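In full-length UniProt numbering, the protein residues as written are 1 to 296. Ideal Cβ positions, reconstructed from N, Cα and C, are used throughout, including at glycine. In this text, all values refer to a predicted model and were calculated from it rather than measured experimentally. These notes are about the structure you will find just below.
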Ligand code: GDP
């Protein structure tokens with residue numbers, strides 16, 4: 001993952017690393033090369049501009065130019081900037097304690113990996129000792145309910161569904177009753193997705209949000225779509241309000257544009273990444289680890 005971006009940035013840093021002294025020109029050249037790498041990685045222009053300006057400003061200070069190891073100092077600045085753009089610290093889910101019910105709404109467009117991610121998150125929370133109920137509220141995509149049922153039985157998490165249902169709020173209410181009766185403490189709702197954002201979907205999701213009053217509203221977005229994942233996150237946040245983002249197909253994302261732009265553009269943290277098709281292929285997002293990997 002992120003191979004392209006990593007390769008290009010490492011090339012840029014090679015020109016500066018290990019030099020006993022570096023000049024302002026060396027810094028400008030390295031930052032220019034990083035800028036090109038970020039643009040090729042489909043990072044949002046506003047993010048690239050901020051990155052370039054703040055890196056140049058800090059790196060040209062005496063602290064770097066006069067230090068005994070200016071290359072390393074410069075790399076540290078780039079590392080810290082990357083961490084900041086990726087979201088600083090790892091962001092946990094904000095769920096209630098195990099004795100109180102928590103609700104997570106999974107939002108996203110069709111094909112983003114929403115159903116798969118619902119199951120991945122369910123497995124993760126189950127392993128943490130929570131009693132999880134998955135709820136099939138994607139009533140638009142024909143195979144979504146069946147897909148969630150299959151995934152649920154694979155990971156040993158029950159799935160609440162109502163055959164032939166038309167109203168996701170009604171399904172949610174049925175699920176809530178089941179959860180209360182059976183003392184499930186965490187409800188993960190797979191919601192309706194469409195091929196693109198439309199008002200009907202948003203209206204339905206707002207109704208569901210108002211009925212469920214969720215603890216987490218997580219957008220599932222496909223990392224491979226680059227900046228368009230960021231635009232989608234912005235639209236969902238404006239209309240529904242997000243608490244975080246899950247980037248899927250991070251395993252296939254060689255560029256990293258979505259991961260690097262999301263926090264700055266939407267203000268919402270990236271909480272998890274999908275790194276494969278299996279239920280276990282799911283990880284919390286650690287900005288510092290990803291930044292270190294990009295720098296090699
Ligand atoms: P939905 O329409 O948003 O519910 O999408 P699905 O959950 O059905 O996922 C769409 C496709 O993406 C499926 O083939 C999944 O196996 C695949 N997929 C989902 N997440 C990931 C991921 O993190 N990595 C990879 N490589 N494939 C994924």
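About 20 Å separates the beta carbons of residue 271 and residue 101, which is beyond the 8 Å limit, so they are not a contact pair. Of all alpha-carbon atoms in 21, 88 and 43, the one lying nearest the alpha-carbon of residue 287 is that of 88. For residue 13 against residue 295, the beta-carbon gap comes to about 7 Å, under 8 Å, which counts as contact. Within the region 169 to 218, the complete beta strand (DSSP E) segments at least 3 residues long are 186 to 190, listed from N- to C-terminus. With a contact defined as Cβ atoms closer than 8 Å, residue 205 and residue 243 miss out at about 14 Å. Per the coordinates, the alpha-carbon of residue 70 lies some 32 Å from the alpha-carbon of residue 269.
Distance between residue 125 and residue 75, taken at the CA atoms: about 37 Å. Taking a C-beta distance under 8 Å as the contact criterion, residue 108 and residue 220 qualify as a contact pair. Taking 8 Å as the cut-off, the Cβ atoms of residue 187 and residue 245 do not count as close. In this structure residue 139 is in contact with residue 166, their Cβ atoms being roughly 6 Å apart against a cut-off of 8 Å. Separation of residue 257 and residue 31 (C-alpha to C-alpha, rounded to the nearest whole angstrom) is 17 Å. DSSP, read as helix, strand or coil, puts residue 222 in strand. As summarised for the region 69 to 141, the continuous alpha helix (DSSP H) elements at least 4 residues long and confined to that stretch are 70 to 86 and 114 to 127, given in chain order.
Closest by C-alpha distance to residue 141, out of 132, 51, 112 and 37, is 112.
Judged by beta-carbon spacing, residue 81 lies beyond the 8 Å limit of residue 41, meaning their Cβ atoms are not closer than that value. In the DSSP assignment, residue 158 falls outside any alpha helix (DSSP H) and carries neither an H nor an E. In this structure, the beta-carbon distance from residue 232 to residue 265 does not fall below 8 Å.
The beta-bridge partner set that DSSP reports for residue 273 consists of 247 and 283.
Taking each of 72, 279, 213 and 129 in turn and checking the Cα distance to residue 153, the smallest one comes out for 279.
Under the 10 Å beta carbon count, residue 36 is surrounded by fewer than 16 other beta carbons and is classified as exposed. Taking 7 Å as the cut-off, one finds no heavy atom of the ligand GDP near enough to the beta carbon of residue 37.
Measuring C-alpha to C-alpha distances from residue 191 to each of 78, 18 and 104 identifies 104 as the nearest. Closest in C-alpha terms to residue 156, from the list 46, 132, 9 and 68, comes 132. About 4 Å separates the beta carbon of residue 193 from that of residue 110, a gap short enough to meet the 8 Å contact definition. Residue 36 sits in a helix when the DSSP states are folded into three classes. If you check the CB distance, residue 171 and residue 163 do not come in under 8 Å. Contact between residue 259 and residue 86 holds: CB atoms are separated by about 6 Å, below the 8 Å threshold. Counting C-beta pairs with one atom in each stretch, the region 173 to 180 and the region 112 to 123 have fewer than three that are closer than 8 Å, which means they do not touch. Placement of the Cβ of residue 253 at a distance of 7 Å or more from every heavy atom of the ligand GDP is found. Per DSSP, residue 260 is one residue of the alpha helix (DSSP H) stretching across 257 to 266.
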